[in-house]
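In the order they appear, the protein sequences are chains A and B. Position 221 of the first sequence, counting from 1, maps to 221 under this note's numbering, and the rest follow consecutively. Convert by adding 292 to the 1-based position in the second sequence; the result is the number in this note's numbering. A virtual CB, placed ideally from N, CA and C, is assigned to each residue, including glycine. One structure below.
Number of protein chains: 2
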Amino acid sequence: MLGAIEAGGTKFVCAVGDHLGHIADRIEISTTVPGETMKEVLAFFQKYSIDAIGIGSFGPIDINQESPSYGFITSTPKTAWKDFPFVQTVKEAFGVPIGFNTDVNAAALGEATLGAARGFDSCLYITVGTGIGAGAVVQGNLLQGLSHPEMGHILVRRHSEDSYKGTCPYHGDCLEGLAAGPALEERWGDKGFQLAERSEVWELEGYYLAQALMQYILILSPKKIILGGGVMKQKQVFPSIYKHMSDLVNGYVSLPELSEYIVSPGLGNDAGITGSLLLADQALGRELEGKR
Amino acid sequence: MLGAIEAGGTKFVCAVGDHLGHIADRIEISTTVPGETMKEVLAFFQKYSIDAIGIGSFGPIDINQESPSYGFITSTPKTAWKDFPFVQTVKEAFGVPIGFNTDVNAAALGEATLGAARGFDSCLYITVGTGIGAGAVVQGNLLQGLSHPEMGHILVRRHSEDSYKGTCPYHGDCLEGLAAGPALEERWGDKGFQLAERSEVWELEGYYLAQALMQYILILSPKKIILGGGVMKQKQVFPSIYKHMSDLVNGYVSLPELSEYIVSPGLGNDAGITGSLLLADQALGRELEGKR
Chain A
1 MLGAIEAGGT KFVCAVGDHL GHIADRIEIS TTVPGETMKE VLAFFQKYSI
51 DAIGIGSFGP IDINQESPSY GFITSTPKTA WKDFPFVQTV KEAFGVPIGF
101 NTDVNAAALG EATLGAARGF DSCLYITVGT GIGAGAVVQG NLLQGLSHPE
151 MGHILVRRHS EDSYKGTCPY HGDCLEGLAA GPALEERWGD KGFQLAERSE
201 VWELEGYYLA QALMQYILIL SPKKIILGGG VMKQKQVFPS IYKHMSDLVN
251 GYVSLPELSE YIVSPGLGND AGITGSLLLA DQALGRELEG KR
Chain B
293 MLGAIEAGGT KFVCAVGDHL GHIADRIEIS TTVPGETMKE VLAFFQKYSI
343 DAIGIGSFGP IDINQESPSY GFITSTPKTA WKDFPFVQTV KEAFGVPIGF
393 NTDVNAAALG EATLGAARGF DSCLYITVGT GIGAGAVVQG NLLQGLSHPE
443 MGHILVRRHS EDSYKGTCPY HGDCLEGLAA GPALEERWGD KGFQLAERSE
493 VWELEGYYLA QALMQYILIL SPKKIILGGG VMKQKQVFPS IYKHMSDLVN
543 GYVSLPELSE YIVSPGLGND AGITGSLLLA DQALGRELEG KR
């Protein structure tokens, strides 16, 4: 049996299941401090006979297996979790292979294998919620270089009528600073779902997200783009994204029909936890491969 | 013996050599119309016994092997070359395996294998010249998705004191529109090398290139970045890039020392032609693999 942890800033989802994404049991745990949260996480898995555990975590995290801090959450603003040795803690408790990647890379893997990008060897998964993050599958593998991508912090051009300063403590008005949930709430005075009827909100949100998608497409050329996260439940933003995308790209690259190219997650809210099961399966595969 | 064609908008470089990048003979041919240019190209290779030919071409090109127009130059503004069946023309003449990719992907492969990014499994090669283009090696493979990257056309934020409209026929003031050679010449009234002493030119150029590099880093996280092309021969732009990069990234991601991370090509002007030899070697390897 495979274990999966989707570690988010607000809650942890833990599940047991198989490599086809079937989930046999699951639990949600509030993200407080490592001592508390991890105690419940470990207790959940102790009920099962687990062969491997996959972790899709909020970040930044160190996923470079040659680094001394591999497996750690690194410079997060959630100070209780800064320098938390996530892989080591889980490995010590169960002694099984551990897969470790970002929550969004896990979701990209889930969607490419079993979701909206099934059958494609590349996809981009973007979450727009408390923050903005993205993971990517490129030629069948999770994108990794010097580190994992941090696509939520790319620069966008400010709309001439938008004077909102932006929430990002590092960059002010980067994409996350202007278009994540907290920016919507502070700019418009209400949470996203309470703003559903206000077309100007989604017009502007589409303006910023389309710019980001244009950059991602010109740089990565993904075969499918999946937009998840709380803000993207407001489906009325999609037409605004398509319209601004068409204007920006202006025919320079040829793209599939946008309503089929840029879509909601096929796995709904389970993209991340399903991908984490797949990370467990990959870790198990690597271990067996190594033993041959 | 391997053959290589670096097909540029102004000139074609043809070479014969080996998979270690040793070049035994080379020739430069003006890019006019396919009937003329290709006649000279084919004549050059006819002097040798060639096992495979690698082509690094200006674009856009179709590199999707399952596409009916695979091997074609597609929607180029150089109308004589539009819909030119490049791979088919060379294959018909010599009947050997043909490797085909963008000029910048070839250069990225050359630099990752034998140049400034040797020993790294990922790098980004950017050329800033008549246009701006980039190729990337990701986890050891040339980046390819729906199509090849078109990174030169990403959006940048205009400098508040720069009123130059931009040269790009598709996007106006995208990166290429504001920062390629023709934009420099039109904005400042002289070619790049004649502007060497004017610090404001390189200050502004660094401002735009640093924005682009920030986007590339946040999205792709390359292990090494190589800046080639005619404009980048003005080395005085590098300090401006480093300064603006530091300001923009603002400590959000941890990067190597910038002067070691963002560098000139290790292969000098030969990155593209060397990479094209490697494309030939890869094509030959695939053919032999297929025959086993």
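### Task
Go ahead and label glutamine 88(A) buried or exposed: buried means 16 or more other beta carbons lie within 10 angstroms of its beta carbon, across all protein chains shown.
In the first sequence, counting from the first residue as 1, residue 88(A) sits at position 88. With fewer than 16 other Cβ atoms within 10 Å, it is exposed.
### Query
On the premise that glycine 346(B) lies in contact with serine 538(B), defined as a C-beta separation below 8 angstroms, what is that separation, rounded to the nearest angstrom?
By 1-based counting over the second sequence, the position of residue 538(B) is 246. By 1-based counting over the second sequence, the position of residue 346(B) is 54. Contact flag wrong, Cβ pair sits at about 38 angstroms.
### CA-to-CA distance, glycine 285(A) to glutamate 477(B), given in whole angstroms
Mapped onto the second sequence, residue 477(B) falls at position 185. Mapped onto the first sequence, residue 285(A) falls at position 285. Answer to the nearest angstrom: the Cα atoms are 56 angstroms apart.
### Inter-residue spacing [alpha-carbon to alpha-carbon] between tryptophan 188(A) and leucine 175(A)
Residue mapping note: residue 188(A) aligns to position 188 of the first sequence, counting from 1. Residue mapping note: residue 175(A) aligns to position 175 of the first sequence, counting from 1. Distance between the alpha carbons of tryptophan 188(A) and leucine 175(A) is about 17 angstroms.
### Query
Mind checking glutamate 403(B): buried by the 16 CB within 10 Å criterion, or exposed?
Within the second sequence, the letter at position 111 stands for residue 403(B). The residue in question, glutamate 403(B), is buried, as its Cβ has 16 or more Cβ neighbours within 10 Å.
### Task
Would you mind reading off the limits of the beta strand (DSSP E) that contains alanine 316(B)?
Within the second sequence, residue 316(B) is the residue found at index 24, counting from 1. Looking at the DSSP string, the run of the beta strand (DSSP E) that includes alanine 316(B) is 315-322.
#### Entry: Candidates Val90(A), Leu142(A), Lys11(A), of which the one nearest glutamine 282(A) by Cα
Reading the first sequence from its first residue, position 282 is the one you call residue 282(A). If we check each option's Cα against that of glutamine 282(A), Leu142(A) comes out closest.
#### Entry: Residue interval of the alpha helix (DSSP H) (run including isoleucine 203(A))
Position 203 of the first sequence, counting from 1, holds the residue named residue 203(A). Note on identity: in this sequence residue 203(A) is glutamate, with isoleucine being the wrong assignment. Where glutamate 203(A) is concerned, the enclosing alpha helix (DSSP H) stretches over 199-220.
### Task
Select from the segment 169-193 of chain A all residues with a C-beta closer than 8 angstroms to any C-beta belonging to chain B, and list them in chain order.
Tyr170, His171
### Query
Would you call lysine 78(A) buried or exposed, if buried means 16 or more other Cβ atoms sit within 10 Å of its Cβ?
The count along the first sequence starts at 1 and reaches residue 78(A) at position 78. Classification of lysine 78(A): exposed, given that the 10 Å Cβ count is below 16.
### Task
Check distances from the C-beta atoms of the segment 445-457 of chain B to those of chain A and list, in chain order, the residues that come in under 7 angstroms.
His445, Ile446, Leu447, Arg449
### Query
Going by alpha carbons, who is nearest to threonine 10(A) out of Ser30(A), Thr74(A), Gly3(A)?
Against the first sequence, residue 10(A) aligns to sequence position 10. Selected option, being the one with the closest Cα: Ser30(A).
### Per-residue burial, glutamine 357(B) [other beta carbons within 10 Å of its own, 16 or more giving buried]
Residue mapping note: residue 357(B) aligns to position 65 of the second sequence, counting from 1. Looking at its Cβ environment, which holds fewer than 16 other Cβ atoms inside 10 Å, glutamine 357(B) is exposed.
#### Entry: Own chain partners of arginine 318(B) with C-beta closer than 6 angstroms, once the 5 adjacent residues on each side are dropped
By 1-based counting over the second sequence, the position of residue 318(B) is 26. So the qualifying residues of the chain are Ala307.
### Query
Given 8 angstroms as the limit, is there contact between the segment 160-170 of chain A and the segment 254-274 of chain A, that is, 3 or more CB pairs closer than that?
no
### Query
Which partner residues does glutamate 447(B) have in the DSSP bridge list?
As a working note, residue 447(B) is residue 155 in the second sequence. One point to set straight first is that residue 447(B) is leucine, not glutamate, in the sequence displayed. The partner list for leucine 447(B) (beta bridge, DSSP) reads Cys466(B).
### Query
If we ignore side chains and look at the alpha-carbon of each, how far apart do glycine 309(B) and glutamate 298(B) end up?
In the second sequence, residue 309(B) corresponds to position 17, counting from 1. In the second sequence, residue 298(B) corresponds to position 6, counting from 1. The straight-line gap from Cα to Cα measures roughly 13 angstroms.
### Query
Checking contacts by CB at 7 angstroms: is leucine 434(B) closer than that to chain A?
Along the second sequence, one-based indexing puts residue 434(B) at 142. No, leucine 434(B) lies away from the interface with chain A (no Cβ there is under 7 angstroms from its Cβ).
### Message
If contact is defined by three or more beta carbon pairs under 8 angstroms, each pair taking one atom from either stretch, is the segment 251-263 of chain A in contact with the segment 96-103 of chain A?
### Response
no
### Query
With 7 angstroms set as the bound, which would you pick, yes or no: does the beta-carbon of tyrosine 252(A) sit closer than that to a beta-carbon of chain B?
Translated into the one-based positions of the first sequence, residue 252(A) becomes position 252. Yes, tyrosine 252(A) lies at the interface with chain B (some Cβ there is under 7 angstroms from its Cβ).
#### Entry: alanine 307(B) - containing beta strand (DSSP E), residue span
Within the second sequence, numbered from 1, the residue matching residue 307(B) stands at position 15. Start and end: 303-309.
### Query
Of all the residues that make up the segment 495-519 of chain B, which are near chain A by a beta-carbon distance shorter than 7 angstroms?
Gln503, Met506, Gln507, Tyr508, Leu510, Ile511, Leu512, Ser513, Pro514, Lys515
### Task
Measure from the alpha carbon of glutamate 28(A) to the alpha carbon of each residue in Met38(A), His19(A), Gly21(A), Leu20(A), then state which is nearest.
The sequence position of residue 28(A) within the first sequence is 28, counting from 1. It is Met38(A).
### Query
Which residues in the same chain as valine 237(A) place their Cβ atom closer than 6 angstroms to its Cβ, once the five residues preceding and following it in sequence are excluded?
Taking the first sequence and counting its residues from 1, the one referred to as residue 237(A) is at position 237. Same-chain partners within the cutoff: Trp202, Glu205, Gly206.
### Task
Say whether chain B places a C-beta atom closer than 7 angstroms to the C-beta of methionine 151(A).
Looking up residue 151(A) in the first sequence gives position 151. True, the Cβ-Cβ gap to chain B drops below 7 angstroms.
### Query
If we call anything under 7 angstroms between Cβ atoms a contact, is glycine 363(B) one with phenylalanine 378(B)?
Stepping through the second sequence from its first residue, residue 363(B) is reached at position 71. Stepping through the second sequence from its first residue, residue 378(B) is reached at position 86. Yes.
### Query
Between the beta-carbon of alanine 563(B) and the beta-carbon of glycine 520(B), is there less than 7 angstroms?
Numbered from its first residue, the second sequence carries residue 563(B) at position 271. Numbered from its first residue, the second sequence carries residue 520(B) at position 228. Yes, the pair counts as a contact, with Cβ atoms nearer than the cut-off.
### Query
Name the chain B residues whose beta carbon is nearer than 7 angstroms to that of leucine 146(A)?
The residue you call residue 146(A) lines up with position 146 of the first sequence. What leucine 146(A) touches in chain B: Ser513, Pro514, Lys515.
### Query
Based on Cα-Cα distance, which residue from Pro548(B), Leu501(B), Leu294(B) lies nearest to glycine 425(B)?
Taking the second sequence and counting its residues from 1, one reaches residue 425(B) at position 133. Of the candidates Pro548(B), Leu501(B), Leu294(B), the one whose C-alpha sits nearest the C-alpha of glycine 425(B) is Leu501(B).
### Task
Taking only beta carbons into account, state which residues of the segment 107-126 of chain A come closer than 8 angstroms to chain B, listed in chain order.
Ser122
### Query
Can you tell which of Glu328(B), Leu487(B), Met506(B) has the C-alpha that lies nearest to the C-alpha of glutamate 150(A)?
In the first sequence, counting from the first residue as 1, residue 150(A) sits at position 150. Residue Met506(B) is the option with its Cα nearest to glutamate 150(A).
### Message
Would leucine 396(B) pass as an interface residue toward chain A - the criterion being a Cβ-Cβ separation below 7 angstroms?
### Response
Numbered from 1 along the second sequence, position 104 holds the residue referred to as residue 396(B). First, the residue type needs correcting, since residue 396(B) is valine and not leucine in the sequence shown. So, not an interface residue.
### Message
Once the 5 residues before and after leucine 487(B) are set aside, which same chain residues still bring their CB inside 6 angstroms of it?
### Response
In the second sequence, counting from the first residue as 1, residue 487(B) sits at position 195. Taken in chain order, the residues that qualify are Trp480, Val493.
#### Entry: Buried or exposed (CB count within 10 angstroms, at least 16 for buried), alanine 24(A)
Within the first sequence, the letter at position 24 stands for residue 24(A). Its Cβ having fewer than 16 others within 10 Å, alanine 24(A) is exposed.
### Query
If you measure from the beta carbon of glutamine 357(B) to each beta carbon in chain A, is any gap under 7 angstroms?
The sequence position of residue 357(B) within the second sequence is 65, counting from 1. It does not: the Cβ of glutamine 357(B) has no partner Cβ on chain A nearer than 7 angstroms.
### Query
With a cut-off of 7 angstroms, does the C-beta of glutamine 282(A) fall near any C-beta of chain B?
Within the first sequence, the letter at position 282 stands for residue 282(A). No, no contact with chain B.
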